[in-house]
Structures are given as structure tokens and as C-alpha cells.
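Protein chains in written order, with this note's numbering: chain A, 292 to 787; chain B, 12 to 972.
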Amino acid sequence: MTRSVSIVIPTYNNLKLLLQCLHSTHALTYQRDSLEIIVVDNGSSDGTHESLKNAYPRVKQIRLDTNTGFAFACNHGAASASGEFVAFLNDDALPSPDWIEGLFAGLDAGGPDAVCAASHIRSGDGTQVEYEGGSANLFGVGRPRPIWGWLDAPEKAGEGSPVLFASGGAMLIQRRAFLDAGGFDAAFFAYFEDVDLGWRLWLLGHKVVYAPHAVVRHIGGATGSRSGAHRRYTLWECNSLATILKNYESDNMERILSSALMLLYKRALLSAGDTIQPAEYALTAPRDTNTANIERVPKVSIAHLAAINRFNANLPHFMAERKKMQATRCRSDAEILSMLGRPWEPQFAGEEYAAASRQIADTMRLLDLPGAEQRRVLVVAQSDDEAEAVGISSLLAHHARVALALVDEERASPPVHLAYGFLQHRLLPHDKELGDLVQSAEILVAIGNASNAQVIREAGGPLAVVDYPPGTAPNGASIFTASETDRLIEFCKRQM
Amino acid sequence: MLNYNGLRHLEECFTSLLDIDYPKDRLELILTDNGSTDGSLDFMREHFPTVRLVETGSNLGFAAGNNFGAEAATGEYVAFLNNDTRVEPDWLNELVKGLLAGQGAGVVCTSSLMLDWAGKKIDFLSGGLNFHGFGFQPSYGLPLEGQNLAPRDLLFACGGSMLIRRDVFLEVGGFDPDYFAFFEDVDLGWRLWMLGYKVTLTPTAITYHRHHGTASEMANHRIQVLYERNALYTIYKNYEEANLNKILPAALLLLGQRAVRLAELGGVDFSDYDLASTSTDPSPVENLHRNAVATLIAVDEFRANLAKFQQKREWLQARRKRSDAELMAMFGQPGRVHLVNHKTDAPYAAAHFGLLHEFGIESLWSHLPKEVLVISPDVLPVGDIPASGSGIRAWSLGKGLESKGHHVRFTMPKAALIGREDQVPPEYVLGAWTPETLQSIVDALAPDVVVSCGWPNLTWLERANVPVALDLAGPHLLERAYQQYRDVETNAEEKLAALRRADFYTCISTRQKYYFTGWLAQSGVKVEDIPASLVVIPYSLDPAQPEHHVREDEEVKFVYGGIFLPWQNAAPALLTVAAALEEAGTGTLEVIGGKHPFHAVDTGNFGPLVDKLSTMSRVKMSGLLPHDELVERYTHADVAVDLMLPNAERELAFPSRTVHYFWCGLPVIHAEFSEVAPFIREYNAGWVVPHDDTGALRDVVMSILANPNIARMYSQHAQTLARECFSWDKTIEVLDKFIRNPYIRAERSHELNEIKVVTNQPEAGGVFITAAERELPPRAKRLQARRRSPQKQVASRSISLLRDLLPVALGRNRTSKVTGRKCVTLSELTEGHSHGQRFLSPRNGLSGARVEIGTFGRRNTSRLVLHLRAHPAATTDLYSLEVPVHNIKDGQPLLFRFPSIADSWNRWFYLVAECPDGVPGDAVTLLASTRPGPIKGQRYEDGLPANGSLLIDLEFAGGDA
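(1) Taking just the CA atoms, how far does residue 599 of chain A sit from residue 136 of chain B?
(2) Which one of B/877, B/405, B/833, B/414 has the shortest CA to CA distance from residue 840 of chain B?
(3) Roughly how far, in whole angstroms, is the beta-carbon of residue 353 of chain A from the beta-carbon of residue 329 of chain A, given that I think they are within contact range, below 8 Å?
(4) Under 8 Å Cβ-Cβ, which residues of chain B neighbour residue 650 of chain A?
(5) Is any beta-carbon of chain A found at less than 7 Å from that of residue 749 of chain B?
(6) At a Cβ threshold of 7 Å, is residue 373 of chain B touching chain A?
(7) I need the boundaries of the alpha helix (DSSP H) containing residue 426 of chain B, first residue and last residue.
(8) Kindly list the residues whose CB is nearer than 7 Å to the CB of residue 702 of chain A, restricted to its own chain and excluding five residues on each side of it in sequence; keep chain order.
(9) Give the range of the beta strand (DSSP E) segment to which residue 989 of chain B is assigned.
(10) Find out if the Cβ-Cβ distance for the pair residue 122 of chain B, residue 206 of chain B is shorter than 7 Å.
(11) Just list the residues that DSSP pairs residue 613 of chain B with in beta bridges.
(12) Would you say residue 644 of chain A lies against chain B (beta-carbon separation less than 7 Å)?
(13) What is the DSSP secondary structure of residue 655 of chain A, reduced to helix, strand or coil?
(14) Taking all protein chains shown into account, do 16 or more other C-beta atoms lie within 10 angstroms of the C-beta of residue 296 of chain A, making it buried, or fewer, making it exposed?
(15) Based on Cα-Cα distance, which residue from B/827, B/929, B/912 lies nearest to residue 843 of chain B?
(16) Do the region 621 to 628 of chain B and the region 584 to 592 of chain B meet, that is, are 3 or more Cβ pairs less than 8 Å apart?
(17) Contact criterion: CB-CB distance below 7 Å. Does residue 274 of chain B meet it with respect to chain A?
(18) Please work out which residues of its chain come closer than 6 Å, Cβ to Cβ, to residue 570 of chain B, disregarding the five sequence neighbours upstream and downstream, and give them in chain order.
(19) Per DSSP, which residues does residue 407 of chain A bridge with? Please list them.
(20) Given residue 68 of chain B, which residues of its chain have a CB within under 8 Å of its CB, disregarding the five upstream and five downstream residues?
(21) Verify whether the separation of the beta carbon atoms of residue 1036 of chain B and residue 696 of chain B is less than 7 Å.
(22) Assign residue 772 of chain A to one of two classes, buried (16 or more other C-beta atoms within 10 Å of its C-beta) or exposed (fewer than that).
(23) Answer yes or no: does any C-beta atom of chain A fall closer than 7 Å to that of residue 17 of chain B?
(24) Less than 8 Å between the CB atoms is what I'm expecting for residue 533 of chain A and residue 609 of chain A, so what's the real figure, rounded?
(25) Kindly indicate which residue of A/637, A/627, A/636, A/644 has the alpha-carbon position closest to the one of residue 661 of chain A.
(26) Less than 8 Å between the CB atoms is what I'm expecting for residue 340 of chain B and residue 300 of chain B, so what's the real figure, rounded?
(27) Contact defined as beta carbons within less than 8 Å: I believe residue 197 of chain B pairs with residue 266 of chain B. What is the distance between those atoms, to the nearest angstrom?
(28) Run through the DSSP bridge pairs and tell me what residue 386 of chain A is partnered with.
(29) Can you name the residues of chain B whose CB is closer than 7 Å to the CB of residue 610 of chain A?
(30) Does the region 88 to 105 of chain B come into contact with the region 29 to 36 of chain B, if we say contact requires no fewer than three beta-carbon pairs (one atom in each stretch) closer than 8 Å?
(31) Using beta-carbon positions only, say whether residue 460 of chain B and residue 591 of chain B come within less than 7 Å of one another.
(32) Taking the alpha helix (DSSP H) that residue 420 of chain B belongs to, which residues open and close that run?
(33) In the region 834 to 912 of chain B, which residue ranges form an unbroken beta strand (DSSP E) of at least 3 residues, counting only runs that do not cross its ends?
(34) State yes or no: is the beta carbon of residue 462 of chain A nearer than 7 Å to at least one beta carbon in chain B?
(35) What are the residues in the region 582 to 598 of chain A lying within 9 Å of chain B by C-beta distance?
(36) Taking CB distances under 7 Å as the criterion, tell me whether residue 294 of chain A reaches chain B.
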């Protein structure tokens with residue numbers, strides 16, 4: 292029997308793209324009578340209602356009189372939906388004709404616990420990948436990238452691979468599970484409500500999975516991106532704090548929240564750039580001429596304070612949600628932390644911030660959090676023609692041993708902390724795929740002369756070189772012999 | 012003594028130090044110089060050669076500089092003294108004595124009492140600390156007189172003048188050098204206690220301080236960095252693990268809220284940061300006040316030093332001898348809303364209490380006593396002045412809270428004490444409030460909670476920046492109406508505004524709860540919150556009752572006591588009782604009462620009643636008595652006559668005098684309609700009769716005269732009733748619950764107060780904080796503009812409800828002194844309002860109009876302007892008249908004469924009056940009839956047609972109409 296699906300499209304003053312979006316939903320190949328399309332209008336004033344009434348009279352319209360935000364509109368749509376499943380779709384996104392089939396393929400491959408499937412989202416012109424898996428750092432900041440563990444293993448990245456969250460821009464969820472979980476948190480308004488939902492679904496014992504063949508093109512230009520950056524920053528910052536507050540176990544929540552706050556204030560300062568000169572705030576500094584005592588600061592910096600203001604104002608709500616969540620959770624933080632995929636990924640560029648993150652992780656004892664010990668280790672080996680000629684090279688064999696040792700040592704479940712990418716044939720400096728891998732790795736382990744590759748030499752960050760002919764390893768690399776597996780594991784654990 | 016460029020202080024300070032009477036052979040004077048460049052050292056060498064000079068080489072800050080001096084010192088004890096001080100000759104002797112006295116008990120450090128330079132006001136009397144590490148000096152700036160100057164344990168000694176055992180000081184690491192300056196003394200005290208030592212106050216050691224002599228030269232935002240950072244250092248090092256984990260995130264969030272408020276005060280409009288905002292300010296940058304930036308820098312410095320402080324923390328925690336719970340009891344006010352350098356307001360305080368509640372932190376100290384300030388609207392029962400019911404109500408709430416362990420201070424209106432200052436204890440005179448000082452009293456005392464008795468007080472609290480419990484004991488609005496105090500609209504709006512400034516409400520009876528529920532809803536309190544935040548506390552008195560004297564062989568004595576008020580009518584009852592006594596030829600009735608001792612309240616019909624009663628043979632009259640004397644009379648009487656005619660006010664009241672009668676052992680004769688009646692029946696504490704059944708009343712009196720023993724038995728019942736139902740220790744529990752876990756209503760967190768922004772202008776006169784009036788931020792303005800209209804709507808709804816309750820129509824019926832017509836006083840002609848009348852002239856030659864003026868029985872100062880126009884929409888005058896109103900009497904006619912208009916017959920004219928500068932309480936009005944007048948026309952109010960007609964007479968050339 293065909294499962295019924297309600298596509299819920301929240302919109303706000305975005306008529307032109309919405310019409311395109313609806314056009315492609317009408318080209319969906321999914322069985323028509325099992326499909327319902329609901330547009331939730333967040334109080335548009337651009338004639339959305341009349342245009343839709345004329346162009347798509349069969350589309351169900353729900354009109355809200357003010358802009359209540361993405362999260363609330365989705366909840367409202369889901370509550371009024373009649374389908375067994377709800378598919379959320381951004382008004383600036385164009386699904387492929389077989390989108391729904393693709394979503395179900397992923398969902399079904401995920402097994403009986405899977406209630407939510409994520410699409411594969413590409414940019415409008417199709418050249419860029421915008422979402423191919425959901426991960427997050429320790430501080431609730433979501434990334435549309437895979438949980439590191441299956442990045443380089445295409446066979447794992449197939450149907451039904453676990454993701455922390457599905458992008459709210461194009462996802463499928465069992466309506467019952469969505470409503471029982473309380474839907475999106477409407478207080479988020481927009482941004483990261485999907486991270487929080489995914490996190491909660493996992494806490495409740497569900498699975499969120501990836502559906503690589505459910506392809507959606509995202510034109511961009513939705514409401515949020517048209518608004519000032521400072522408004523988006525406010526929500527990003529506030530909502531990631533809320534995700535921490537709601538979802539972590541008590542002991543962890545307090546420590547992680549304190550850490551997140553210190554880092555938030557650091558970002559506020561850093562994003563002010565040189566408009567704030569900390570030296571001027573030293574008691575012993577000479578007096579300057581700024582008698583008005585006003586700094587001219589980027590709004591994106593002040594947005595961090597706006598986020599605190601918003602968070603504090605919504606604290607009773609977030610705490611009430613926290614109580615509910617903690618009372619009903621059935622997975623531990625250790626399980627979730629190992630699902631994050633990118634616990635240590637800094638959310639701000641630059642060495643100063645990275646250093647602050649490391650220092651916080653160290654002094655706030657975050658490194659000890661069970662499940663968060665995972666590091667994104669990329670093991671690179673080169674299998675050259677010679678090696679191939681003799682079958683499996685001894686270096687590859689060693690690489691496998693190191694990899695297995697690391698996995699074994701951590702015993703994280705699921706064991707997603709390790710990735711080992713290696714190229715079968717050649718290692719070219721311009722190989723883009725390897726470049727991406729190297730960029731998102733925290734620690735590089737180069738086996739043998741793989742470290743010769745320019746992309747590895749220039750990568751920066753911790754680099755371990757195993758079995759390299761003495762004397763020619765890149766500067767700053769730590770050198771290991773093939774038998775020093777224990778030392779290598781220790782090295783990986785210590786890096787942040 | 013630590014010195015950094017303090018040359019100008021040195022002479023005075025060292026002169027006083029050389030004068031101290033401590034044995035010179037056991038005294039070493041050290042000046043630790045922190046790298047001064049103002050010639051301090053040369054000055055010392057020249058003028059005070061006996062003082063040892065120790066040079067740090069550079070400015071190490073207060074903490075490390077003092078450590079440097081202590082290390083160089085040779086004494087067994089080391090005393091730290093600020094350079095901007097002078098000391099009493101016995102300062103050191105007293106400190107040493109004070110410390111030695113406690114040494115056996117573990118005292119290693121003692122603090123001097125610090126006064127201001129003139130010795131009149133408190134600088135440091137004790138040290139307090141709030142949960143996020145902000146130290147404060149309770150009683151700072153308050154007069155020395157009336158303070159408790161007993162020796163005591165202190166959480167910390169004042170770093171500016173203290174004595175400590177040198178070995179212990181060095182062993183615990185001295186002041187934490189990373190603090191540089193500020194709060195290092197707080198941290199030292201906390202560490203000493205944690206490590207098992209004790210710190211005390213030696214109040215007999217006296218230091219005088221030129222406050223912030225050095226700090227005044229530092230830029231405010233730089234000081235802010237140190238305060239914020241050092242507070243974080245302090246809590247990070249000193250709390251137990253579990254408490255630190257719980258408190259640190261809340262402290263960091265609250266710090267952000269401080270930055271938010273500072274940013275707002277500096278002009279940031281946070282509504283622009285809302286994604287739903289439709290405003291399109293294209294600028295990617297905006298102004299941020301440096302004090303807001305300072306908080307961010309403070310956190311970052313804290314973060315950068317975490318590893319170092321982790322080690323300090325581990326060292327300390329491993330040596331902990333006392334628990335956080337023990338130490339928190341010494342904080343004084345762990346939940347205090349406190350900002351350094353800045354005033355607080357409701358939005359900040361709301362975030363403060365919200366975080367305490369949501370993170371479960373308040374429960375760490377909800378068992379500890381709170382500092383409570385009770386604002387009384389009237390004379391308190393202290394000293395020799397007669398107290399009113401509302402003063403006793405305030406007293407009983409405060410005393411009830413004291414019975415739960417809280418520290419309660421009272422303040423009563425200064426106006427009530429004028430000319431009688433010597434009749435009350437001095438602390439009540441010093442602490443008395445005026446409308447101008449109420450806010451500064453709250454700021455100075457910084458109580459945990461304010462209990463305001465009556466809403467009018469809150470009108471004067473411009474920033475209700477702490478949780479406020481409001482006792483609504485009486486239907487004050489009705490009382491105002493009876494007094495014809497302002498017009499009902501103004502009063503209602505004022506009341507709604509005052510209700511919005513409170514967080515928790517108490518009232519005196521179940522009926523009042525119903526009555527106030529409507530008011531609270533209309534003031535914006537969430538309806539679903541009202542049942543929990545509006546509680547009933549009956550009028551209550553001391554559980555210790557006076558002894559009632561049984562007077563076996565004397566005549567039965569009836570009493571009536573209390574202030575004569577216009578909304579009370581006891582005449583029929585008192586006359587009936589007096590007549591019955593005359594008829595029976597036995598018994599007496601004593602009427603103790605008089606005009607309100609302080610408010611200018613009309614005595615209503617008591618005047619004629621008193622005249623009449625004075626002529627009756629068994630009646631004795633006496634004026635109002637001080638509380639003690641009144642109790643003396645009551646306890647020597649037998650029955651209280653407590654029967655009044657019903658009206659809206661009386662039906663809502665739970666009379667204080669009745670409870671007072673019970674408390675004194677007087678059974679009462681009481682009206683059936685009152686909410687007290689069921690209590691009387693239940694306890695047999697008196698007699699309940701219908702208010703209008705004089706026959707029944709007479710029968711009761713006769714039965715008492717016939718069998719006085721009944722009264723004597725009921726007397727015991729009355730005291731049992733008072734003890735069981737109306738004792739303050741029993742009835743206070745519902746308020747105590749709020750006091751222990753106080754909060755600010757979420758709705759109040761949006762009030763953007765017109766707080767004075769602190770600007771940093773150290774150049775201008777060296778003042779530490781200078782406040783300048785500042786424009787409201789644009790959002791606040793918009794909010795205010797938007798709020799106005801629903802407020803008005805709500806007010807008018809309330810007023811229409813109120814009109815039904817009022818015994819008279821709006822404006823109260825009266826009679827024209829000119830024509831004898833029945834009429835009413837219209838609403839005050841405040842700025843922007845007008846009263847007008849359109850009329851059809853019945854004759855030619857119109858030359859004048861006479862209106863009648865209402866003054867609300869007071870002397871007004873504004874001007875009255877009358878315009879004659881062609882019609883209500885006209886903007887130009889045909890003629891106008893402007894008169895000052897200060898000499899106009901109530902009901903006086905005012906003639907508006909103008910050149911006669913020859914062809915006025917059958918033409919429409921519009922006469923309109925306004926007071927262009929009238930304000931509530933100072934404006935006149937016109938009188939009007941509720942019916943159409945003899946001249947054809949239409950009455951107008953604020954330019955809109957209204958019912959009735961102005962009292963207006965026309966004049967025509969050649970004779971009146």
C-alpha cells in the first residue's frame with residue numbers, strides 16, 4: 292500500500308520561488324492520491340494567497356496572520372496534515388520527480404527504528420552539495436556534512452546511513468513521531484530547529500537516516516537569507532545554546548553550557564574585529580580620547596548579546612522542554628556524542644578561536660566526555676604501481692592494523708570516530724576529493740610516502756607519519772615506526 | 012599602606028597614623044609604593060622619615076602590591092590601610108584587641124569600621140556577597156545613627172582597613188595577585204573561612220574614607236572589566252564542584268544580560284536583531300557602549316586564565332574545612348540583584364531571578380532569611396503617635412515576616428511625622444520616605460524584596476528593581492472616590508500603573524480577592540497566574556495578646572474606636588446604643604476617635620454625629636489615642652459596637668478595628684453583611700445583627716446589660732478567634748513563600764525603565780559615577796506609545812465597572828450654588844481635555860456666558876481658558892477669556908463677558924473650557940447637569956458629544972435671557 296505523504300511548505304513573502312517550488316511538486320511521480328500539499332503562509336503580504344488560489348486551487352493553504360517563524364509554521368502544517376508522513380520542503384527548493392520515492396528508499400534501508408529521512412540537497416545550479424548528512428559539534432552547531440565515519444566509505448554512505456539530523460529544508464518524517472516529539476521547537480523561530488529535532492529523535496530512541504537518492508535543488512533566497520546577517524546570527528547563537536540546554540544530561544549540560552558561553556563571548560569579541568581594542572580596557576593603559584565611551588561595532592558582534600537576551604527571555608520555555616526531554620530520553624549522552632560526528636569542529640575561523648576552543652575543552656574537562664573522545668583521523672596511504680604489482684602492499688596492511696587498533700581502542704558505539712581514506716591508484720596534489728577529506732580531518736596519519744603529497748604537506752594541523760624513510764618527513768610531523776601503534780593511538784587522543 | 016600616585020592623600024593619612032596610641036616599639040609603618048611618579052616617595056622621605064619605604068618597581072595593582080608589603084613586613088600582624096583614609100588614634104589598639112578576643116575561636120582577621128570622611132555615614136560596616144561573586148557593603152551611605160554597631164562575624168574584612176595574622180595571610184597566598192584590584196578582599200575572606208579561619212568586625216576601630224579617591228580617576232569601563240572578571244575568578248575558585256557547575260552557566264548568562272542592558276542604555280535597539288523584524292536599517296555596524304564591551308573582555312580574560320585558576324581551585328578545595336552551605340549563610344544576600352557602577356531595573360532583575368529559578372539555584376538559600384523593606388502608607392504603631400489601620404497592617408505584615416526569621420525594615424511617610432519627630436524612635440524618622448526619596452531608599456537598602464502596603468506607594472517607585480509584594484488591603488480607589496480625590500479616570504490609571512509594578516499581591520479577604528482579580532487582569536497580570544499570585548492574608552496582630560481585665564462590679568462599658576472616615580457611617584448604631592443605655596439607665600458608651608492624624612480626610616457624617624452624641628448622658632467622647640493607651644482602654648471595656656451601614660467600601664473591607672477589638676478581648680456587635688460575621692458566629696465572639704435592624708441592636712444591648720457575664724465569656728472567645736485566625740505568625744505563610752523564592756513577573760521584564768544611564772566622565776570633577784538624563788531608546792519610546800491606548804481602554808473598562816460600585820455617580824452629586832439645580836462635577840480639565848457646550852442663542856445681543864467652576868475642594872494653580880466659537884470644529888475663537896484659577900472657590904460662577912453679538916438669535920455657538928497647563932491634582936473643571944439644560948444644545952467632552960449639559964447662563968445686551 293502506498294504510504295500517504297503531506298508535503299508542508301512554509302513560506303513568507305517569497306511568491307516567485309514558491310510558484311516554482313509548487314510547480315516541481317506537481318511533477319512528482321509519487322502516487323497523486325497519496326500526496327497532499329500544504330502551504331503554510333507566515334503572513335505574506337505579497338499576494339501569495341490570491342496567486343495560489345488561482346494557480347494551485349488544490350493546494351491546501353494555511354494562513355497565519357504574522358510571521359511566526361519556520362519552526363512554528365512547520366508544526367502548524369504538520370498538525371493539520373492528513374498524511375501518515377510529513378515531508379517538509381523549503382519554498383525555495385525544487386525536488387526531483389522521484390524525491391519522495393528516494394526518501395522512502397532511505398527510510399526503509401534504515402531499518403524499523405528509522406522515522407526520519409534526509410534528502411540530498413544541491414545548490415540551484417546543481418554544482419555544489421549543500422547537505423549530504425547531518426553532524427554537529429559539541430555545542431549544538433549543525434553541519435550539513437556526514438558523520439565523519441562514513442565519509443570515505445561509499446558503501447556505508449548509501450541508503451539509510453545514520454545522520455544526527457535531517458535538514459529541515461527537505462526531509463521526511465513519520466507524522467506521529469514528529470508530533471509525539473513535540474515537533475520543531477517553535478521558540479527557535481528558524482535555524483537549527485532541525486538539529487534540535489534530530490537530536491531529540493535520537494534521544495527518544497528513533498533513527499534519522501540519509502536518503503542519497505532523494506535529490507532536491509535549493510535555489511536559495513528564502514526569507515532568512517534576505518534579512519540582515521545579525522538577525523541570523525542571533526538565532527544561530529541562541530538556538531545552539533538552547534539545543535545544549537535541552538538535550539544534554541545534567542552534569543554534561545552545565546559544563547558544556549558554561550563552555551559554550553565562554554566561547555560565545557569570545558566569538559562576540561572576535562567578530563568585532565579590530566573595532567574593539569582589548570588593550571584600551573586595561574586599567575593601566577593610557578587614557579584615550581574616546582570620551583563618549585562608544586565603540587562602533589559590527590552588528591554581527593552585538594548579535595551575540597542579542598542571542599543571550601533572547602535565550603534568557605525564553606529560558607522558562609527551554610527549561611520546561613528540557614524537563615520533558617530528560618524524563619523521556621532513552622539514549623545516553625555518550626551515544627549521542629558519538630553520533631555528533633564533529634564534536635571539536637570550531638565554529639569560527641582562525642587560530643585564536645581554535646586555541647580558545649582547545650583551552651576550554653582542556654580546562655572544562657570536555658575531553659573526558661564519554662563518546663566525545665572521537666577524533667577525525669584521516670589515514671592516508673599511497674598504493675603505487677609497485678605496491679599494486681605485489682598485491683596488497685605491506686604498508687596497506689599496516690594501515691589497516693593501525694586503523695583497527697584505533698577502532699578497538701575507542702570501542703565507541705557506533706564506531707564512527709575513525710575514517711581512513713586512501714587512494715587506490717594515485718595521489719595527485721590537485722585531487723579535490725582528497726583535499727576535502729584532508730580539510731575536514733582533525734588529525735592526519737600518513738603512511739609511508741603518502742606524506743609527499745602536497746595536499747598533505749600543506750594541510751596544517753597535527754600530522755603523524757608512519758614508516759617514512761628517516762630525514763624527509765614534513766616539518767612538524769610526528770614520526771612513528773610501524774610497530775609503534777600504541778604511541779600513535781596516544782598521539783591521536785591527545786590532539787584537539 | 013599601598014600607594015600609587017597618592018601624594019595628595021599622604022600627609023593627612025600619615026599624620027593620623029603617627030598619632031595612633033599603639034606602642035611605637037611594636038609598630039612598623041610601611042609605605043609600599045606601586046611605582047608612583049608623582050613624587051610620593053620624595054615627599055615621604057622629607058616629611059615622614061620614620062616610615063619604611065618599600066618599592067615594588069611598577070604598578071602591581073592593589074592585591075599584589077599589598078602582598079609585596081606584607082612579605083617585606085616584620086610584624087606578627089599586618090594591618091592594611093588605604094591611602095585615602097585617616098584613622099582614629101585608638102584604631103590599631105582596637106583592631107588588635109578585637110582580633111585577640113576572637114583568636115581562641117579561630118579569628119585571624121578583623122575589619123575596621125569605615126565611615127565617610129565626615130564620620131556621618133557608613134562606608135564599610137559589613138561585607139555581603141551575591142551568588143555570582145559581586146561583593147557589596149550593606150548600609151553603605153546610610154547615616155551612622157541607628158545602625159547596629161555590635162561586633163560580629165564577617166564574610167570578609169574591608170581591604171581598605173583591616174588587621175590579619177601575617178603568617179596566615181602568607182600561608183593562604185595573600186590577596187590573589189591576578190585580581191589586580193577590586194574584590195580581592197571578598198575572595199580573601201571567603202578563602203579564610205573556607206580554610207577554617209574566621210573574620211570579624213571590630214566596630215570600635217574607626218577609619219574615615221575619602222571614597223574612591225584613587226578609583227575615581229580610572230575609566231569606568233576599565234573598572235568594569237576588573238569587577239566582572241574578578242567576580243568570575245572568585246566563584247570559580249571557591250564554590251564546591253556541584254555548586255560551581257550549577258552556578259557558573261547562570262553567572263555567565265547573567266553577565267551577558269548585564270551587557271545587554273548596558274548596550275541598550277547605550278542606544279542599541281535589540282528589536283532590530285529579531286528575524287521577524289521588518290525594519291530595514293541597512294547599517295552593518297552600530298554603537299556599543301564600552302561598559303558592555305568591558306563585560307565581554309572580562310569573560311575572555313577569565314577564560315584565558317582558566318588553567319591557572321584551576322590549579323588555585325584544586326589547592327583550595329583540597330583544604331576545604333567549611334561547606335558552601337555554611338559560607339552562604341554569611342553572604343548576607345546571596346540573591347541580591349547587584350550591578351557595580353550601574354543601577355538596576357526590572358528587566359535585568361527579571362533575568363536575575365529567572366536564572367536563579369530555572370537553574371534551581373535559589374533553593375541553595377531559600378531557607379536563609381531575606382532582607383525585606385516594608386513601605387507603610389501611614390503611621391506605624393511605634394512611638395506615641397496614634398496609628399491608623401493601614402499602618403498597623405504594614406506593621407503586622409513586617410512582624411509576621413520577622414517571625415519567620417527575615418530581617419525587616421520599615422519606612423513610613425515623612426509627612427506623617429512632621430512636627431512629631433520626637434515622638435517616634437530616631438531610626439523611623441531617618442528612614443522615613445517622601446515621594447522624592449522612596450526610590451533612593453530602595454536603592455540604598457537594596458532589600459531582597461519590597462513589601463508595599465497599598466498601591467499608591469508604588470506610584471513613587473520609578474524603578475521597581477526588586478521583587479515587589481503589594482498588599483492591597485483596602486479598596487483604596489473607593490476611598491479616594493469618597494474623598495473626591497482627583498477624578499476616577501486618573502485614579503484608575505494610576506492604580507493600574509502601580510499594579511503593573513508589583514509581582515505578588517496580597518489582600519485582606521476573600522471578597523477582596525475577587526475584586527482585585529479583575530483589577531490585576533486589567534493591569535496586565537496573566538489571568539492564569541492570578542490565583543497563585545494573589546493571596547489572602549487577613550488583618551493580623553501579634554500572637555502575644557494583652558490581658559483583658561474583667562471588671563465584675565462595674566457598669567457594662569461599650570466602646571467605639573477609630574479614625575472618622577467619610578466612607579464609614581456608624582451613626583445609626585451608635586445613636587441606637589446610646590439611646591438604649593439612656594433607656595436602661597445603666598452602662599456607658601465611650602467613643603474614641605477623631606480626624607485622620609495625617610491625611611487630610613474628610614470626617615464624613617461623624618461631625619454631626621459627634622455633636623449629637625456629646626449631648627447624650629451615657630456617652631463619653633475622647634480623641635484619638637496612641638496605640639498603647641487605646642489598648643489600655645479596650646482591655647478595660649466590655650463590648651465593642653462595630654456596626655456600620657453597608658456600602659461598596661465596607662462590604663469589601665475586612666475591618667482592622669474589628670480584629671483589634673478581638674485581640675484586646677472585646678466581643679463585638681457586628682453587621683451581618685461583613686465578611687467577619689461568620690467568624691464571630693463560629694467562635695461566639697460577639698453578636699451579629701442586620702445593619703438596618705435597630706430593634707435587634709437594641710435587644711442585644713439590653714440583653715448584655717441584663718447579663719454582663721455573657722460579654723465576659725465572649726471576651727475569651729474573641730481572643731481565641733484572634734489567636735487562631737488573625738495572628739501574624741500564622742497568616743504570613745503565604746507571603747513568606749514568595750519572600751523566600753521571589754521573582755519578577757515576566758510581564759515586568761519588558762518594562763524599559765527610564766533608567767539613568769551612567770556615563771563615564773572622570774575628567775569632570777573626579778566623580779566616580781555621574782548620571783545624566785538620557786533619551787529613551789527608540790524601542791522604549793515606541794513601546795510606550797503603543798501601550799498607551801490599550802491602557803486607556805482597560806482603564807475605561809475598569810472605570811465603568813467602578814461606577815457601578817460607587818455610591819454616587821461619577822463626579823458626585825451636588826447642588827449649584829447659583830441656581831440650586833442638581834449637578835455633578837465633571838472630570839479634571841487636565842492638559843489636552845476640554846468641556847464644552849454647543850447652544851442655540853434664543854435672542855439677539857449675546858454678550859456673555861456664565862459657567863460654574865469645580866475645584867475639587869482644593870486650591871489649584873493652573874489657568875482656565877474659555878473660548879466662544881462658531882461650532883465645535885472651529886479652530887478660531889470669536890472671543891476668549893483666560894483667568895487664573897487660584898482664587899476661584901468651588902461652585903463659584905465665572906462670567907465670560909464679550910462684546911455683544913447683535914444678530915445672535917437662532918445662531919449656534921460653542922462655548923468650550925480648558926486648562927492648558929492642568930495636571931492631575933491641579934486643575935479645575937466645570938459643573939454640569941446630567942439632564943438637558945433649559946437652553947437648546949449639546950454638551951461636549953474633549954470635542955465629542957456627551958450627555959447632559961453644562962451649567963451655563965447666557966447674558967444679552969440689555970438684560971439677561
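Just so you know, even glycine gets a beta-carbon here, dropped at the ideal spot from N, CA and C. All of these numbers come straight from a predicted model, not from anything done at the bench.
On the basis of the coordinates in this document:
(1) 36 Å
(2) Ranking the options by Cα distance to residue 840 of chain B, first place goes to B/877.
(3) 6 Å
(4) 314, 315, 317, 318
(5) no
(6) The beta-carbon of residue 373 of chain B is placed no less than 7 Å from the nearest beta-carbon of chain A.
(7) First-last for residue 426 of chain B: undefined, no H or E at that position.
(8) Confidence in residue 702 of chain A is poor, its pLDDT being 35 and thus under 50, which makes the residue's placement unreliable; the coordinate value appears in the next sentence. Counting only Cβ-Cβ distances below 7 Å, and skipping sequence neighbours, we find nothing.
(9) The displayed coordinates of chain B run from 12 to 972. Any statement about residue 989 of chain B would go beyond what the structure contains.
(10) No, the Cβ-Cβ distance between residue 122 of chain B and residue 206 of chain B is not below 7 Å.
(11) In DSSP, residue 613 of chain B forms no bridge with anything.
(12) no
(13) In this structure, residue 655 of chain A counts as coil in the three-state DSSP scheme.
(14) buried
(15) B/929
(16) yes
(17) Yes, contact with chain A.
(18) 601, 648, 651
(19) A/464, A/499
(20) 46
(21) The structure shown does not extend to residue 1036 of chain B, since chain B is modelled only from 12 to 972, so the question has no answer here.
(22) exposed
(23) no
(24) The pair is a contact, with the Cβ atoms about 5 Å apart (cut-off 8 Å).
(25) A/627
(26) Contact flag wrong, Cβ pair sits at about 37 Å.
(27) Not confirmed; about 17 Å, so no contact.
(28) A/507
(29) 369
(30) yes
(31) no
(32) It is not in any alpha helix (DSSP H) - residue 420 of chain B instead sits in the beta strand (DSSP E) that spans 418 to 422.
(33) 846 to 851, 857 to 865, 874 to 880, 890 to 895, 904 to 912
(34) no
(35) 582, 583, 584, 585, 586, 587, 588, 589, 590, 591, 592, 593, 594, 595, 596, 597, 598
(36) no
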